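> I have a structure here, written as structure tokens, and I will follow up with some questions on it.
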Amino acid sequence: MTPFEAAITQAMNNLPLESAHIRALLEADLDELLYHTNRIRQRYHHDYVTLCSIINARSGRCSEDCAFCAQSAHHRAQITEYALRPAAELIRLTRGADERPITHVGLVTSGRAAVRGRERTELLKAVRTLTPQLRAKLCLSLGIVDDALLRELRALGVQRLHHNLETSRRFFPQICTTHSYDERVENVRRILAHGFEACSGGLFGLGETWDDRVALATTLRELGVQSVPLNFLMAIPGTPLEHMPPLAPREILRIVALFRCILPRADVKVAGGRPLLRDLQPLIFYAGATSMMIGDYLTRPGRDVNADLQMIVDLGLRTRRPWVE
Ligand code: SF4
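Numbering (the working numbering), first residue to last: 1 to 325.
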């Protein structure tokens with residue numbers, strides 16, 4: 001058996017990959033790799049895909065210095081900034097997103113730490129109203145969350161929280177100096193320990209190596225996260241990474257394929273930066289993706305939602321609809 005065949009067999013059986021397997025995947029012909037990652041996707045996920053949309057609940061003014069992020073107060077990106085939206089507005093926007101055939105709707109707040117004081121009250125008010133009403137499940141992305149807040153959210157019926165690791169432990173200090181990788185890892189551990197599903201992934205095209213990408217995927221597998229969003233940098237003027245060249249579509253597909261092989265059971269989601277794929281967007285499912293973010297991103301408009309839904313139908317895939325399962 002060649003190292004490539006061994007790698008595919010390991011992935012097909014949800015077994016960990018050794019370095020020889022990884023090397024074989026990275027050197028494989030892309031067309032051949034995509035044939036196999038499509039099979040791995042079908043084995044664990046059949047024809048189902050999940051879709052999510054996000055709402056920027058609090059924008060900008062962040063104390064942290066993540067080099068890619070338009071919302072950091074350290075950079076000079078031109079974005080609309082606002083404190084946490086009032087509960088009534090969060091409810092209205094979330095209900096609007098819930099009209100789409102999505103599985104999760106995410107409320108995302110900028111900033112290192114979860115909401116406090118009046119903002120916390122408003123957020124919990126919105127969550128209390130929304131959780132019994134929504135067809136989609138609520139996913140909250142609140143930065144570093146403490147045990148008390150996690151207990152409250154659990155009691156309100158929230159099932160999923162999001163917090164990206166972004167990249168590898170080795171590379172992280174080159175993109176952020178105001179908090180540590182361990183803080184992010186511990187946050188994901190805390191989320192899982194409280195019984196939530198964790199949505200945690202990363203961002204690519206920051207100058208990281210393939211070893212960094214492998215290390216991120218391996219860490220996420222070890223943590224046992226259920227959902228893995230993959231984002232691809234669309235450099236934002238005014239951020240330190242504003243001059244980073246975009247990743248080529250075929251490199252993005254190989255990243256998706258790598259994550260499918262290391263995390264066969266996870267819901268691998270193509271999130272920010274999908275437009276970089278241009279006309280190769282449908283190939284994400286052959287690379288092993290099982291999920292997409294639809295609608296607008298945090299600080300940029302997204303692709304037409306109807307075009308995305310049509311693409312899924314044309315591929316013969318089905319959207320998971322949690323409210324009928
Ligand atoms: S902590 Fe989050 S919002 Fe703040 S700069 Fe980093 S990525 Fe952006």
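Don't be surprised by glycine CBs; every beta carbon is placed ideally from N, CA and C. Please read all numbers here as calculations on a predicted model, not as lab measurements.
Does at least one heavy atom of ligand 1 sit under 7 Å from the Cβ of Gly143?
Working through the sequence shown from its first residue, we reach residue 143 at position 143. Within the cutoff, so yes.
> With distances taken Cα to Cα, identify the nearest neighbour of Gly201 among Glu119, Arg260, Asp279 and Pro237.
Along the sequence shown, one-based indexing puts residue 201 at 201. Among Glu119, Arg260, Asp279 and Pro237, the Cα nearest to that of Gly201 is on Arg260.
> Report the rounded CA-to-CA distance for Tyr188 versus His179, giving the unit in angstroms.
For this step, residue 188 is matched to residue 188 along the sequence shown. For this step, residue 179 is matched to residue 179 along the sequence shown. In the sequence on display, residue 188 carries Val and not Tyr. Straight-line Cα distance between these residues: approximately 15 Å.
> Nearest by alpha-carbon distance to Glu186: which of Gly238, Leu223 and Cys176 is it?
For the purposes of this step, residue 186 is taken as the residue at position 186 of the sequence shown. Minimum Cα-Cα distance from Glu186 among the listed residues Gly238, Leu223 and Cys176 corresponds to Leu223.
> Taking 7 Å as the cut-off, does the CB of Arg112 come closer than this to any heavy atom belonging to ligand 1?
Along the sequence shown, one-based indexing puts residue 112 at 112. For ligand 1, at least one heavy atom lies less than 7 Å from the Cβ of Arg112.
> Rounded C-beta distance between Val108 and Ser141? I'm assuming under 8 Å.
Here the question's residue 108 lines up with position 108 in the sequence shown. Here the question's residue 141 lines up with position 141 in the sequence shown. That belief holds up - the Cβ atoms of Val108 and Ser141 are roughly 4 Å apart, short of 8 Å.
> Out of Arg41, Leu34 and Leu33, which has the shortest C-alpha to C-alpha gap to Asn13?
For the purposes of this step, residue 13 is taken as the residue at position 13 of the sequence shown. Among Arg41, Leu34 and Leu33, the Cα nearest to that of Asn13 is on Arg41.
> Could you work out which residue in Gly288, Ile191 and Val305 is closest to Arg151 when comparing CA atoms only?
Mapped onto the sequence shown, residue 151 falls at position 151. With distances taken between Cα atoms, Arg151 lies closest to Ile191.
> With distances taken from CA atoms, which of Leu206, Arg303, Glu32 and Gly273 is nearest Ala257?
Within the sequence shown, the letter at position 257 stands for residue 257. Among Leu206, Arg303, Glu32 and Gly273, the Cα nearest to that of Ala257 belongs to Glu32.
> On the premise that Leu241 lies in contact with Ala67, defined as a C-beta separation below 8 Å, what is that separation, rounded to the nearest angstrom?
If you number the sequence shown from 1, residue 67 lands on position 67. If you number the sequence shown from 1, residue 241 lands on position 241. 5 Å between Cβ atoms; contact.
> Can the beta-carbon of Gly96 be found less than 8 Å from the beta-carbon of Cys52?
Here residue 96 refers to the residue found at position 96 when the sequence shown is read from its first residue. Here residue 52 refers to the residue found at position 52 when the sequence shown is read from its first residue. No Cβ-Cβ contact shorter than 8 Å links Gly96 with Cys52.
> Do Ile294 and Gly302 count as a contact pair if the criterion is CB distance below 8 Å?
Within the sequence shown, the letter at position 302 stands for residue 302. Within the sequence shown, the letter at position 294 stands for residue 294. Yes, the pair counts as a contact, with Cβ atoms nearer than the cut-off.
> Taking the runs of the alpha helix (DSSP H) that are 4 residues or longer, which of them lie wholly in the region 142 to 199?
Complete alpha helix (DSSP H) runs here, min 4: 147 to 155, 172 to 175 and 181 to 193.
> Evaluate the contact criterion for the region 126 to 133 versus the region 151 to 171: three or more CB pairs, one atom per stretch, below 8 Å.
yes
> Could you check if Cys199 belongs to the surroundings of ligand 1, using beta carbon to heavy atom distance under 7 Å?
Taking the sequence shown and counting its residues from 1, one reaches residue 199 at position 199. Checking the Cβ of Cys199 against ligand 1 gives no.
> When we look at the beta-carbon of Met292 and count the other beta-carbons within 10 Å, is it buried (16 or more) or exposed?
As a first step, residue 292 must be located in the sequence shown, where it is residue number 292. Met292 should be labelled buried.
> Report the CB separation of Arg112 from Cys62 in whole angstroms; it is logged as a contact under 8 Å.
Residue numbering aside, residue 112 sits at position 112 when the sequence shown is read from its first letter. Residue numbering aside, residue 62 sits at position 62 when the sequence shown is read from its first letter. With a Cβ gap of about 7 Å, Arg112 and Cys62 count as contacting.
> Can you tell me the Cα-Cα spacing of His75 and Val305, whole angstroms?
Counting from 1 along the sequence shown, the entry for residue 75 is found at position 75. Counting from 1 along the sequence shown, the entry for residue 305 is found at position 305. For His75 and Val305, the distance between alpha carbons rounds to 31 Å.
> Out of Val313, Leu90, Glu208 and Ile144, state which residue places its alpha-carbon closest to the alpha-carbon of Glu122.
The residue given as residue 122 occupies position 122 in the sequence shown. Taking only the C-alpha atoms, the option nearest Glu122 is Leu90.
> Following the continuous alpha helix (DSSP H) through Phe259, name the residue where it begins and the one where it ends.
Position 259 of the sequence shown holds residue 259. Residues Pro249 to Ile262.
> How is the beta strand (DSSP E) around Gly201 delimited, first residue to last?
In the sequence shown, counting from the first residue as 1, residue 201 sits at position 201. That residue, Gly201, is in no beta strand (DSSP E); it is neither H nor E in DSSP.
> Taking DSSP's pairing of strands, which residues face His104 in a bridge?
On the sequence shown, residue 104 is found 104 positions in, with the first residue counted as 1. DSSP, once it has assigned bridges, lists Cys52 and Lys137 as partnering His104.
> Quick one: what does DSSP say Ser72 is sitting in, helix, strand or coil?
Walking along the sequence shown from the start, residue 72 turns up at place 72. Reduced to three states, the DSSP call for Ser72 is strand.
> Checking 8 Å against the spacing of the C-beta atoms, do Thr50 and Tyr286 come in under that value?
Sequence index remark: in the sequence shown, residue 50 carries index 50 (1-based). Sequence index remark: in the sequence shown, residue 286 carries index 286 (1-based). Cβ atoms of Thr50 and Tyr286: not closer than 8 Å.
> Would you mind sorting Thr103 into buried or exposed? The rule is 16 or more other CB atoms within 10 Å of its CB.
The sequence position of residue 103 within the sequence shown is 103, counting from 1. By the neighbour-count criterion, in which 16 or more other beta carbons inside 10 Å mark a residue as buried, Thr103 falls on the buried side.
> Should Cys62 be counted as a contact of ligand 1 given a C-beta to heavy atom distance under 7 Å?
Position 62 of the sequence shown, counted from the start, is the residue given in the question as residue 62. Yes - ligand 1 has a heavy atom lying nearer than 7 Å to the Cβ of Cys62.
> Asp65 by DSSP, collapsed to three states: which one?
Walking along the sequence shown from the start, residue 65 turns up at place 65. It is coil, neither helix nor strand.
> Taking 7 Å as the cut-off, is the CB of Cys52 close to at least one heavy atom of ligand 1?
To locate residue 52, count along the sequence shown from 1; it is residue 52. Outside the cutoff, so no.
> When the Cα of Val225 is compared with those of His163, Gly205 and Pro246, which residue comes out closest?
To locate residue 225, count along the sequence shown from 1; it is residue 225. When C-alpha distances from Val225 are compared across His163, Gly205 and Pro246, the shortest belongs to His163.
> Using the C-alpha atoms, what's the distance from Leu26 back to Ala11?
In the sequence shown, the residue the question calls residue 11 occupies position 11. In the sequence shown, the residue the question calls residue 26 occupies position 26. Each residue's Cα considered, the two are about 14 Å apart.
> On a CA-only basis, which of Ala7, Asp29, Arg300 and Ala28 is nearest Ser19? Give me that one, please.
Numbered from 1 along the sequence shown, position 19 holds the residue referred to as residue 19. The residue with the shortest Cα to Cα distance from Ser19 is Ala7.
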